[in-house]
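Structure, as structure tokens:
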Amino acid sequence: MLGVSVATAAFLQRSRMEELAERARRRARRLGRPVLVSVTTELKPRDPLALFARGLGVTHNRLFWSRPADGLAVAGLGAAWSFAATGPERFALAAHAWRELVEHAEVSADPALPFSGPMAAAGFAFDPLRPTLGHWDGFADGLLLLPRLTLATDGARTSLTVNGLVGPTTSSIQLHLAAVRRLRDLLGRAWQVPRVGAGLELFDALPPGAWRAMVADAVAELRAGTLEKVVLAREVCARSTTPFDPATTLAALCRDYPDTFVFALARGGRTFLGASPERLVSLRGHTVAASSLAGSAPRGANPAEDAALGQALLASPKDRVEHAVVTQMLLAALRHACTEVVVAPEPTLMRLRNVQHLFTPLSATAAIGTSILDLVARLHPTPALGGQPREAALAWIRQHERLDRGWYGAPIGWVDLRGQGEFAVAIRSALVGRYEASLFAGAGIVAASDPEREERETEIKLRAMLGALGDSR
1 MLGVSVATAA FLQRSRMEEL AERARRRARR LGRPVLVSVT TELKPRDPLA
51 LFARGLGVTH NRLFWSRPAD GLAVAGLGAA WSFAATGPER FALAAHAWRE
101 LVEHAEVSAD PALPFSGPMA AAGFAFDPLR PTLGHWDGFA DGLLLLPRLT
151 LATDGARTSL TVNGLVGPTT SSIQLHLAAV RRLRDLLGRA WQVPRVGAGL
201 ELFDALPPGA WRAMVADAVA ELRAGTLEKV VLAREVCARS TTPFDPATTL
251 AALCRDYPDT FVFALARGGR TFLGASPERL VSLRGHTVAA SSLAGSAPRG
301 ANPAEDAALG QALLASPKDR VEHAVVTQML LAALRHACTE VVVAPEPTLM
351 RLRNVQHLFT PLSATAAIGT SILDLVARLH PTPALGGQPR EAALAWIRQH
401 ERLDRGWYGA PIGWVDLRGQ GEFAVAIRSA LVGRYEASLF AGAGIVAASD
451 PEREERETEI KLRAMLGALG DSR
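First residue of the sequence shown? That's 1 in UniProt numbering, and the numbers climb one at a time after it.
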């Protein structure tokens with residue numbers, strides 16, 4: 001049907017909600033636990049980022065996901081259901097909890113609409129065994145969040161999904177009406193992107209020179225043959241005299257980095273957000289897509305310089321070795337879980353606004369019953385963010401890195417009713433509070449690495465988030 005107003009959507013959904021809620025109540029009595037009800041309606045065009053922006057101060061839980069170049073965006077408010085997992089089994093625990101929730105759900109959806117039906121945002125810690133420092137409180141080792149309201153667009157059509165749990169005697173109708181009424185109020189007037197600040201106070205989380213010294217220690221170990229590669233993260237802290245606005249930051253990222261995955265998950269007073277160029281894995285039907293992204297160079301000041309830098313990256317033995325380690329690991333992991341695995345024979349260049357990378361796409365066919373979370377568990381962490389051999393590299397990072405990565409470098413994305421979805425590697429990212437933010441960047445260290453060059457690489461990668469947060473340098 002044609003898109004309708006929010007008020008009309010409430011009217012159209014009500015009878016369907018009543019029918020599904022009654023069936024859910026009967027099922028809840030049999031199961032002895034609440035049952036999910038999810039109803040999707042097509043709306044007239046709306047901006048999901050405006051909903052994310054208007055949700056500030058309304059709810060402690062907000063999410064945003066976008067692939068700007070494809071016209072795809074989704075925002076969610078509130079929590080109809082959530083699940084937190086801890087420990088190394090966080091992926092399996094999250095997958096089981098999601099299957100259990102949706103197995104008996106009452107759903108009214110239209111597969112032609114974007115993000116139709118229940119969709120949970122999902123985020124995970126890079127390493128649940130890492131030393132923790134406290135600033136990632138609320139961001140569990142594994143988190144699934146099913147919003148009360150989801151507004152999505154694919155550039156052509158817009159959908160509104162309302163989710164709620166129905167117990168043996170409870171009704172979702174009032175929840176539904178209140179949720180849609182709140183949506184109507186939030187979108188009642190246009191949202192305009194505010195101006196950002198002119199500068200930030202920046203400082204490294206580690207003492208001056210400490211990060212380069214850590215790289216030098218890693219190089220010495222690599223040359224001794226203990227490790228093949230280790231990826232070291234760097235944390236830069238930013239302070240502002242005016243409050244950060246996550247929606248404004250997301251708008252800047254969508255504008256400047258349209259070919260990335262722009263994401264945000266807000267919990268309480270902090271938001272983890274970023275613009276990642278790196279897909280970890282996607283699952284649509286039985287089709288699996290993954291990306292090898294490793295090896296970096298700056299962009300040039302003019303086309304000739306840019307081309308020269310790109311060709312130098314393609315010819316760099318150090319970067320080609322680093323890239324090959326990631327590609328081979330992904331290839332081996334996909335072959336264990338999938339059939340018809342295909343990998344491009346040679347890397348190409350992925351060019352972003354401030355940096356270019358070596359890039360190799362992979363595709364495969366998943367077995368029947370495979371969930372996107374099963375694939376995430378198998379692929380994370382790739383050598384692009386951890387190292388090789390995996391366990392030895394993770395142990396080295398825990399002992400030497402001296403920061404809490406939290407969700408940096410880890411899978412972030414979404415899973416739907418059928419267990420399909422998409423996850424990016426949460427790089428080019430920051431954990432943003434009201435006046436302070438922690439920005440993260442990493443570099444792959446191999447035996448040929450130079451500490452000063454690796455630090456410059458992290459500075460190039462940090463520019464995306466610094467600019468989006470309002471720094472004018």
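Yeah, the Cβ is synthetic: ideal placement off N, Cα and C, and Gly gets one too. All values reported here derive from a predicted model rather than from experimental measurement.
Residue j and residue i - do their beta-carbons sit closer together than 8 Å?
i, j, result
"residue 308", "residue 300", "yes"
"residue 164", "residue 80", "yes"
"residue 291", "residue 361", "yes"
"residue 162", "residue 445", "no"
"residue 372", "residue 419", "yes"
"residue 122", "residue 414", "yes"
"residue 104", "residue 431", "no"
"residue 269", "residue 434", "yes"
"residue 98", "residue 145", "no"
"residue 427", "residue 209", "no"
"residue 68", "residue 262", "yes"
"residue 383", "residue 280", "no"
"residue 394", "residue 425", "no"
Tell me the rounded alpha-carbon separation between residue i and residue j.
i, j, result
"residue 338", "residue 416", "20 Å"
"residue 42", "residue 166", "23 Å"
"residue 21", "residue 37", "7 Å"
"residue 124", "residue 266", "14 Å"
"residue 201", "residue 286", "47 Å"
"residue 421", "residue 223", "40 Å"
"residue 409", "residue 140", "15 Å"
"residue 106", "residue 28", "11 Å"
"residue 349", "residue 342", "19 Å"
"residue 157", "residue 302", "39 Å"
"residue 1", "residue 453", "Residue confidence for residue 1 is low, a pLDDT of 45 falling below 50, so the modelled location carries little weight and cannot support an answer."
"residue 16", "residue 440", "45 Å"
"residue 456", "residue 463", "11 Å"
"residue 321", "residue 23", "57 Å"
"residue 468", "residue 406", "21 Å"
"residue 40", "residue 118", "9 Å"
"residue 59", "residue 52", "10 Å"
"residue 91", "residue 127", "12 Å"
"residue 19", "residue 111", "20 Å"
"residue 199", "residue 251", "18 Å"
Shortest alpha-carbon distance to residue i belongs to which of the options?
i, options, result
"residue 57", "322, 245 and 305", "245"
"residue 400", "160, 100, 206 and 40", "206"
"residue 133", "438, 217 and 157", "438"
"residue 30", "227, 169 and 99", "169"
"residue 369", "452, 312 and 96", "96"
"residue 460", "28, 77 and 234", "234"
"residue 392", "315, 130, 46 and 228", "228"
"residue 109", "159, 48, 271 and 322", "159"
"residue 66", "49, 91 and 78", "49"
"residue 226", "388, 154 and 78", "388"
"residue 429", "347, 367 and 237", "237"
"residue 364", "383, 330 and 346", "330"
"residue 46", "212, 153 and 318", "153"
"residue 78", "71, 61 and 88", "61"
"residue 345", "336, 333 and 323", "323"
Once DSSP output is grouped into helix, strand and coil, what is the label at residue i?
i, result
"residue 77", "strand"
"residue 357", "strand"
"residue 376", "helix"
"residue 365", "strand"
"residue 44", "coil"
"residue 460", "helix"
"residue 87", "coil"
"residue 397", "helix"
"residue 138", "coil"
"residue 407", "coil"
"residue 298", "strand"
"residue 476", "Residue 476 is absent from the model: the chain starts at 1 and stops at 473."
"residue 280", "strand"
"residue 443", "strand"
"residue 467", "helix"
"residue 265", "strand"
"residue 52", "helix"
"residue 1", "Note that residue 1 has pLDDT 45, beneath the 50 cutoff, so the model's placement of it is unreliable and the number below is only indicative. DSSP places residue 1 in coil when its eight states are reduced to three."
"residue 310", "helix"
"residue 58", "coil"
Please list the terminal residues of the continuous alpha helix (DSSP H) segment that includes residue i.
i, result
"residue 318", "317–337"
"residue 222", "210–223"
Which first and last residues belong to the beta strand (DSSP E) in which residue i is found?
i, result
"residue 150", "149–153"
"residue 425", "421–425"
"residue 67", "61–67"
"residue 162", "158–166"
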